[in-house]
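Novice:
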Amino acid sequence: MNRLVFLFALVLLPCWVLAQTYPRKDFDLQILIDEILAVQDEDLNYEELYENLAQLLSNPADLNLITAEQLRALYILNESQIQAFINYRAEAGRILSVYELQAVPGFNKDIFQRLTNFVTVVDQTIRFNRSLLQRVISEKNNYLVLRYDRTIEDKKGYRESASPASRYVGSPDRLYARFRTSRPGDFSFGFTAEKDAGERFVWAPNKKQYGADFLSIHAQVLNKGKIKNLILGDFQAQFAQGLVLGSAFGIGKNAEAVTTIRRANIGFLPYTSLYEAGYFRGGAVSYSLTKRLVIHGMFSSRWRDGNAVQDSTFETGSVSSLTYTGLHRTSNEIEKQNTLQEQNIAGVINYKYKSLDAGVIFHQTIFNVPIIRTPTPYNQYYFQGSQNTNASLFLNYAYKNFSFFSEVAKTIGEGMGIATGIIGSLTSSLDVALHFRKYDRDFQTFYSNALAESSTPQNESGMYWGWKYQFNKKYSFSGYLDLFKFPWLRFRSYSPSQGSEWLFRFNYKPSKGVYLFAQAREESKARNLSTDTNLYQTGVGIKRSYWINVDYVITPQLSFKTRAQFSSFKFGGNTTQGMMILQDVTWSYHKFSVSGRYALFDTDDYDNRLYIYERDVWLAFSFPAYSGVGVRNYVLVQYTVSKKIDLWFRWAHVRYTDRETIGSGSETINGNTRNDLKLQARIRI
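Numbering (our numbering), first residue to last: 9 to 693.
As structure tokens, this is what we get:
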């Protein structure tokens, strides 16, 4: 019956269907940025981490093959909508077009428009009419991306006056190349190569470098009889709640307070990102023993960067820690390059029956030299040695509009980690989430993206409540409350402590072209407080932030975004503040698209730094930290030369009024301005 209604509606050609074009256009991450990305507080490279999300979403899924777990990984649908789609497909049979999503109960116009960015319908009969080689050669879903960017100003590391240890060995140009061809549910092949600014192209087998500093290759085939997934080369793994095997990107607490709390059990994925520390290199396979039982296995061997121990009191050949920057620009950084070999072996037994998804995970990491850490008060329970083994049990179950999820993991010989919760739709308007976590101080894992207040799931327990309520098509609100404890010392917090975090967001969409939201967030967490006696004591730091944002469309070609962000940080009897006001404009005309920003910012210190997404070239992220006092602008131009060629140009400029130099160390720029240029071409072969 639903399909008949859909076909009848399609004959009538409603105007909002005509507004959609097929084949699918490039997705615009701006529609998801303000909702699903975690609040940025840690001093991390968010551009590389979030670029991994863009890579995952850039490969559309076939609506006839997509699973409930894969739908959850998109963070667009709630549990009732996921079940509605699964039931619709089971009843109606093969889906003929993405437009058929309009017939799924509970799918409104907004859901349809967002979901079609990430799904497609593929004619799988081609698999039986052509060989794999023929399908790869004839596949139209392929592209070659070439990118160049650099900072115009001269940095200290490139000057002759720089010391030999801090001088950059390569040019200031950053070069990037990426090729991928894929068919959803069938195959994927590709490579990624990058040279960071300051690095060099060099053939150095002793450092395991062959040309570009970072080179990644993968080959994947899917659904070949009993073999459901086979990947050779670079890949990532996402199983259960990510306690033992989690991908390189884990979304944390954010305004999408319900759907992003649960990790999706989606298995092995090709790795195509630039984050040089969050992937495996080797082979992975998923084999279906029966319709309900699937065995997953992987082996990885690759070299990692580490800080070699120079102190004679420690074991010769050991390292004190791993490094994660992926930068090899100076002699000091090059010394850390590929200093130890890491091997990973993992196996997963996964049983699925209707709404039940359960399994066992085993994962072992082995280093060819031991990690022996320099002792500090807080790192006594960090991993040390050359071998780490984890095992876990997981159980997920969906019932009507609710989804229960859990994983219990143990580091063999050490502590345990638990992550469990439930999300669901209490009514058609109210979605809720409850999440409990407990990670022992000696729970040790290297590849995890489980929900945590810290950057790794260790030395922490917490309870999270999230909700999202839709009053009507115009009004909605969402929020969460998270209470957490740290039983042992932490970096910059040398005593057991506890804290809290809450967020509230109000959304208002009075018309198709206007969207307004206001958001408030507070985090309370302990931090070291130095005293006159130079002993560490702790005090409570309270960070508050407020957002007011409005997006408005003037015409189909012209749109604006206006935002104000404010922050304050109270610690040790002092309160500092920060603010930013920005105006964005986007204009498109035929083959041209132009986006720009003018932003004013004023922060008292780095604790009040403000992160906000900037539009960038396709498959790239820009998430700079606005800190200090100044003005930031950027312009992004896209020109479609033909159906096969697209060009991008991006210029970003920042001018500070509170300093005479920018950056520190080898990154120092003399002067108060910085200009960055970026060029990109995409060629469809």
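Backbone N, C-alpha and C fix where the C-beta goes; we use that ideal spot for every residue, glycine too.
Just the Cα atoms here: how many angstroms apart are GLY423 and ASN396?
Specialist: By 1-based counting over the sequence shown, the position of residue 423 is 415. By 1-based counting over the sequence shown, the position of residue 396 is 388. So the alpha carbons of these two residues sit roughly 12 Å apart.
Novice: Below 8 Å, how does it come out for the region 251-266 and the region 213-229: are there three or more Cβ pairs, yes or no?
Specialist: Short answer: they don't touch.
Novice: Rounding to the nearest angstrom, what Cα-Cα distance links THR133 and ASN231 in this structure?
Specialist: Looking up residue 133 in the sequence shown gives position 125. Looking up residue 231 in the sequence shown gives position 223. Looking at the two C-alpha atoms, the distance is approximately 13 Å.
Novice: The beta strand (DSSP E) that contains ASP118, what's its start and end?
Specialist: To locate residue 118, count along the sequence shown from 1; it is residue 110. From DSSP, ASP118 is part of no beta strand (DSSP E) but of the alpha helix (DSSP H) over 117-123.
Novice: Anyone know if the C-beta pair for GLU161 and GLY673 falls short of 8 Å?
Specialist: Residue numbering aside, residue 161 sits at position 153 when the sequence shown is read from its first letter. Residue numbering aside, residue 673 sits at position 665 when the sequence shown is read from its first letter. No, these two residues do not count as a Cβ contact at 8 Å.
Novice: DSSP state of GLY694, grouped into three classes?
Specialist: The chain is shown only over 9 to 693; residue 694 falls outside these bounds and no answer can be derived.
Novice: Rounding to the nearest angstrom, what Cα-Cα distance links THR648 and TRP626 in this structure?
Specialist: In the sequence shown, residue 648 corresponds to position 640, counting from 1. In the sequence shown, residue 626 corresponds to position 618, counting from 1. Cα to Cα, the separation comes out at about 12 Å.
Novice: May I ask you to report which of helix, strand or coil DSSP gives LYS599?
Specialist: Taking the sequence shown and counting its residues from 1, the one referred to as residue 599 is at position 591. Reduced to three states, the DSSP call for LYS599 is coil.
Novice: Are the beta-carbon atoms of SER174 and PRO278 separated by less than 8 Å?
Specialist: Along the sequence shown, read from residue 1 onward, the residue named residue 174 stands at position 166. Along the sequence shown, read from residue 1 onward, the residue named residue 278 stands at position 270. Result no, Cβ atoms of SER174 and PRO278 do not sit closer than 8 Å.
Novice: When you compare only the Cα positions, how much space is there between ILE589 and THR570?
Specialist: Walking along the sequence shown from the start, residue 589 turns up at place 581. Walking along the sequence shown from the start, residue 570 turns up at place 562. Their Cα atoms are separated by approximately 8 Å.
Novice: Please classify GLU522 as buried or exposed, where buried requires at least 16 other C-beta atoms within 10 Å of its C-beta.
Specialist: The count along the sequence shown starts at 1 and reaches residue 522 at position 514. According to the sequence shown, residue 522 is Val rather than Glu. Counting Cβ neighbours within 10 Å, VAL522 comes out exposed, since fewer than 16 surround it.
Novice: Are the CB atoms of ALA628 and ARG617 within a distance shorter than 8 Å?
Specialist: Residue 617 sits at position 609 when you count from the first residue of the sequence shown. Residue 628 sits at position 620 when you count from the first residue of the sequence shown. Not closer than 8 Å, so no.
Novice: How big is the Cα-Cα spacing for VAL327 and SER503?
Specialist: For the purposes of this step, residue 327 is taken as residue 319 along the sequence shown, with counting starting at 1. For the purposes of this step, residue 503 is taken as residue 495 along the sequence shown, with counting starting at 1. Approximately 27 Å, taken between the alpha carbons.
Novice: Please confirm if the region 297-308 is in contact with the region 354-363, defined as three or more CB-CB distances below 8 Å between the two stretches.
Specialist: Touching, yes.
Novice: Does the Cβ of SER436 have 16 or more other Cβ atoms within 10 Å, making it buried, or fewer, making it exposed?
Specialist: Against the sequence shown, residue 436 aligns to sequence position 428. By the neighbour-count rule (16 or more Cβ atoms within 10 Å), SER436 is not buried but exposed.
Novice: From VAL317 to GLY290, what does the alpha carbon distance come to, in whole angstroms?
Specialist: Translated into positions along the sequence shown, residue 317 becomes position 309. Translated into positions along the sequence shown, residue 290 becomes position 282. C-alpha separation (whole angstroms): 28 Å.
Novice: Using 8 Å as the threshold, is the C-beta distance between ALA76 and ALA406 below it?
Specialist: In the sequence shown, counting from the first residue as 1, residue 76 sits at position 68. In the sequence shown, counting from the first residue as 1, residue 406 sits at position 398. Contact: yes.
Novice: Give the range of the alpha helix (DSSP H) segment to which PHE209 is assigned.
Specialist: One-based indexing of the sequence shown puts residue 209 at position 201. From DSSP, PHE209 is part of no alpha helix (DSSP H); its letter is neither H nor E.
Novice: Which whole-angstrom value is the C-beta distance of ASN404 and PHE410, which I expect to be below 8 Å?
Specialist: Here residue 404 refers to the residue found at position 396 when the sequence shown is read from its first residue. Here residue 410 refers to the residue found at position 402 when the sequence shown is read from its first residue. About 11 Å separates the two Cβ atoms, so there is no contact after all.
Novice: Reducing DSSP to helix, strand and coil, say where GLU264 ends up.
Specialist: By 1-based counting over the sequence shown, the position of residue 264 is 256. GLU264: coil per DSSP, three-state reduction.
Novice: Report buried or exposed for ARG682, applying the criterion of at least 16 other Cβ atoms within 10 angstroms of its Cβ.
Specialist: If you number the sequence shown from 1, residue 682 lands on position 674. Buried, since its Cβ has 16 or more Cβ neighbours within 10 Å.
Novice: Per the contact definition of three or more C-beta pairs closer than 8 Å, is the region 579-589 in contact with the region 556-567?
Specialist: The region 556-567, when compared against the region 579-589, does not touch it at the 8 Å Cβ threshold.
Novice: Among SER484, GLY425 and LEU104, which has the Cα closest to the Cα of ASN457?
Specialist: Counting from 1 along the sequence shown, the entry for residue 457 is found at position 449. That would be GLY425, whose Cα lies nearest to the Cα of ASN457.
Novice: Could you tell me whether the region 106-124 touches the region 174-193, where touching means 3 or more Cβ pairs closer than 8 Å?
Specialist: Output reads no: the region 174-193 does not touch the region 106-124.
Novice: Shortest alpha-carbon distance to TRP555 belongs to which of GLY193, GLY101, ASN262 and PHE492?
Specialist: The count along the sequence shown starts at 1 and reaches residue 555 at position 547. TRP555 has its Cα closest to that of ASN262, out of GLY193, GLY101, ASN262 and PHE492.
Novice: In terms of residues, what are the limits of the beta strand (DSSP E) holding SER88?
Specialist: For the purposes of this step, residue 88 is taken as residue 80 along the sequence shown, with counting starting at 1. That residue, SER88, is in no beta strand (DSSP E); its alpha helix (DSSP H) goes 87-100.
Novice: Would ASN150 and ARG692 be called neighbours here (beta carbons separated by less than 8 Å)?
Specialist: Here residue 150 is taken as the residue at index 142 of the sequence shown, counted from 1. Here residue 692 is taken as the residue at index 684 of the sequence shown, counted from 1. In this structure, ARG692 lies closer than 8 Å to ASN150 by Cβ.
Novice: Starting from SER339, trace the alpha helix (DSSP H) both ways and give me its first and last residue.
Specialist: In the sequence shown, the residue the question calls residue 339 occupies position 331. Element bounds for SER339: 339-343.
Novice: To the nearest angstrom, how far is it from the Cα of ALA92 to the Cα of GLY114?
Specialist: The sequence position of residue 92 within the sequence shown is 84, counting from 1. The sequence position of residue 114 within the sequence shown is 106, counting from 1. Answer to the nearest angstrom: the Cα atoms are 7 Å apart.
Novice: Can you tell me whether DSSP reads VAL13 as helix, strand or coil?
Specialist: As a position in the sequence shown, residue 13 is number 5, starting the count at 1. Confidence at VAL13 is low in this model, with a pLDDT of 42, below 50, so the placement of that residue should be treated as unreliable; the coordinate-derived value is given next. Looking at VAL13 - three-state DSSP - the assignment turns out to be helix.
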